[in-house]
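A.B. asks:
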Amino acid sequence: MIESDESFGAMLTHAWHILPFALLFALPVTVVGGLLLYRLRRGSLASTLTVLVLIPLVATLTGVLGVSGFMFNSTLTTMLLVCLLVALVTVPCAILFGRAIARRSVWEREARERERAAEASRRELVAWISHDLRSPLAGIRAMAEALADGVVSEPAEVAGYAQRIGGETTRLSGMVDDLFELSRITAGALRLTMSAVPLQDVVSDTIAAQTPVAHRKRVRVEAYAQGAPVVSGSDPELARIVRNLVSNAIRHTPPDGTVAVQIGVDGAEALIAVDDGCGGIPDDEIGRVFDVAFRGTRARTPERDGAGGGLGLAIAKGLVEAHKGRILVRNHGPGCRFEVHLPLAV
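Okay, so the sequence shown: first residue is 1 according to UniProt numbering, each after it adds one.
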């Protein structure tokens, strides 16, 4: 034992003699602890931190017992009691800190994944919109140059070119409006003026507005009402939701097909269901239909008939969620079904 009245040199001599015995007993504990940490490298962070705290504590205790020759006296007993008290404090703290760090690590990893997904979505959106804007702009430029150079001079041809320029301009305006609406939703700047809105009126007005488009594509649009649900929402935004879903269904339904719009009550929620004849959505794509600029395979987009930038469903999803509702999609019959669930008005 090292006495308190020994000189510093004598203490160093004693320490030199004690060191081999301390290493002999403490080193195996450290090696076992290192192997255990290696085995736990894919386990929970709380377990890893607990083992990390116990390694020096057990190594110290083993070294002290070995150096003392397991001869228990008051000093050794006090040392063991101190080690036990330290373990009672440090082990629970290690578990708590480990769980807290693990939760934060999971949150940070999920945040990074969301950030990467958002960045990929933004890049995809820019690519899609750049492509979609370029086509009508090129057409407008070519027709405008033809009119300016006098290549087209007959009144009927001039009127036709003017009508086509007007159509392309309307298409561009719709795409810009979609981008503005999506930016309001994603930025949290959407402000809703809530009131009691009968869904049957919203669906009827939307179908009436979409009927000419459906006739041009030879698509039948049918409406069914099971009850007259009233929801608390903003009339223009609710109309936009239904319009996006119905126009999307018409666009992807082949000629002589049918689009069915149903409204009803599902428990404490109002239900809007839109069935189309798109032929179904592949299983590996059905989870992405609400992503910005996603259009899917050619099975769902057989023709590019003036479709927008792939923002309609993303906007519909954002507006539904702004109303505290939810929107779902699944394959159903000859196509797929979009379901909108909204809280009923109190």
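Don't be surprised by glycine CBs; every beta carbon is placed ideally from N, CA and C. Just so we're clear, the structure is a prediction, and the values are computed from it rather than from any experiment.
Please determine, among Leu65, Leu96, Ile327, Ala162, the residue with the shortest C-alpha to C-alpha distance to Leu238.
C.D. replies: The residue you call residue 238 lines up with position 238 of the sequence shown. For Leu238, the nearest C-alpha among the options comes from Ile327.
A.B. asks: Since Tyr161 sits in a beta bridge, which residues does DSSP pair it with?
C.D. replies: If you number the sequence shown from 1, residue 161 lands on position 161. Answer is none; Tyr161 lacks a bridge partner.
A.B. asks: Per DSSP, what kind of secondary structure is Cys278 in: helix, strand or coil?
C.D. replies: Taking the first residue of the sequence shown as position 1, residue 278 is located at position 278. Residue state, collapsed to three classes: coil.
A.B. asks: Which of helix, strand or coil does DSSP assign to Arg304?
C.D. replies: Counted from its first residue, the sequence shown places residue 304 at position 304. Summary for Arg304: the model assigns pLDDT 43, below 50, so the residue's position carries little reliability; its value from the coordinates is reported in the next sentence. In this structure, Arg304 counts as coil in the three-state DSSP scheme.
A.B. asks: Is it buried or exposed for Glu181, if we count other Cβ within 10 angstroms and need 16 for buried?
C.D. replies: Position 181 of the sequence shown, counted from the first residue, corresponds to residue 181. Buried, since its Cβ has 16 or more Cβ neighbours within 10 Å.
A.B. asks: Report the rounded CA-to-CA distance for Arg251 versus Phe338, giving the unit in angstroms.
C.D. replies: What you label residue 251 is simply residue 251 of the sequence shown in a count that begins at 1. What you label residue 338 is simply residue 338 of the sequence shown in a count that begins at 1. Answer to the nearest angstrom: the Cα atoms are 14 Å apart.
A.B. asks: Which of helix, strand or coil does DSSP assign to Asp178?
C.D. replies: Within the sequence shown, residue 178 is the residue found at index 178, counting from 1. Reduced to three states, the DSSP call for Asp178 is helix.
A.B. asks: Just how far apart, CA to CA, sit Gln163 and Pro255?
C.D. replies: Within the sequence shown, residue 163 is the residue found at index 163, counting from 1. Within the sequence shown, residue 255 is the residue found at index 255, counting from 1. In a straight line, the C-alpha of Gln163 is about 25 Å away from that of Pro255.
A.B. asks: According to the neighbour-count rule (16 or more other Cβ atoms, all chains shown, within 10 Å of its Cβ), is Arg171 buried or exposed?
C.D. replies: Residue numbering aside, residue 171 sits at position 171 when the sequence shown is read from its first letter. With 16 or more other Cβ atoms within 10 Å, it is buried.
A.B. asks: Compute the beta-carbon to beta-carbon distance between Leu313 and Val274, rounded to the nearest angstrom, for a pair I have assumed lies under 8 Å.
C.D. replies: For the purposes of this step, residue 313 is taken as residue 313 along the sequence shown, with counting starting at 1. For the purposes of this step, residue 274 is taken as residue 274 along the sequence shown, with counting starting at 1. So it is not a contact: roughly 11 Å between Cβ atoms.
A.B. asks: Any idea what DSSP makes of Gly34, helix, strand or coil?
C.D. replies: Walking along the sequence shown from the start, residue 34 turns up at place 34. Note: Gly34 maps to helix in three-state DSSP.
A.B. asks: Hey, quick one: how far does the alpha helix (DSSP H) through Asp201 stretch, first residue to last?
C.D. replies: Within the sequence shown, the letter at position 201 stands for residue 201. Where Asp201 is concerned, the enclosing alpha helix (DSSP H) stretches over 199–216.
A.B. asks: Counting C-beta neighbours from all protein chains within 10 Å, is the total for Glu303 16 or more, i.e. buried, or is it exposed?
C.D. replies: Counted from its first residue, the sequence shown places residue 303 at position 303. Any reading at Glu303 needs caution, since the residue's pLDDT is 44, under 50, leaving its predicted position unreliable; the model's value is listed next. Exposed.
A.B. asks: Leaving out the 5 sequence neighbours to the left and right, which residues in its chain are closer than 7 Å to Asp305 when beta-carbon positions are compared?
C.D. replies: For the purposes of this step, residue 305 is taken as residue 305 along the sequence shown, with counting starting at 1. In this prediction, Asp305 has a pLDDT of 46, which is less than 50 and means its spatial position is unreliable; what the coordinates show is noted afterwards. Closer than 7 Å at the Cβ level, and outside the excluded window around Asp305, lie Arg251.
A.B. asks: The beta strand (DSSP E) spanning Pro343 covers which residue range?
C.D. replies: Counting from one through the sequence shown, the residue named residue 343 turns up at place 343. Start and end: 335–343.
A.B. asks: Pop quiz: residue 354 and Ala26 are said to be a contact at Cβ under 8 Å. What is the actual Cβ separation, rounded to whole angstroms?
C.D. replies: Examination of residue 354 is not possible in this model, given that the chain is present from 1 through 346 alone.
A.B. asks: Does the segment 77–96 come into contact with the segment 118–136, if we say contact requires no fewer than three beta-carbon pairs (one atom in each stretch) closer than 8 Å?
C.D. replies: The segment 118–136 and the segment 77–96 do not touch, with fewer than three beta-carbon pairs separated by less than 8 Å.
A.B. asks: Quick one: using the 10 Å Cβ neighbour count with 16 as the cut-off for buried, is Leu35 buried or exposed?
C.D. replies: Numbered from 1 along the sequence shown, position 35 holds the residue referred to as residue 35. Leu35 is exposed by the Cβ-count criterion.
A.B. asks: Roughly how far, in whole angstroms, is the beta-carbon of Val242 from the beta-carbon of Thr206, given that I think they are within contact range, below 8 Å?
C.D. replies: As a first step, residue 242 must be located in the sequence shown, where it is residue number 242. As a first step, residue 206 must be located in the sequence shown, where it is residue number 206. Right, the Cβ-Cβ distance comes to about 4 Å (below 8 Å), so this counts as a contact.
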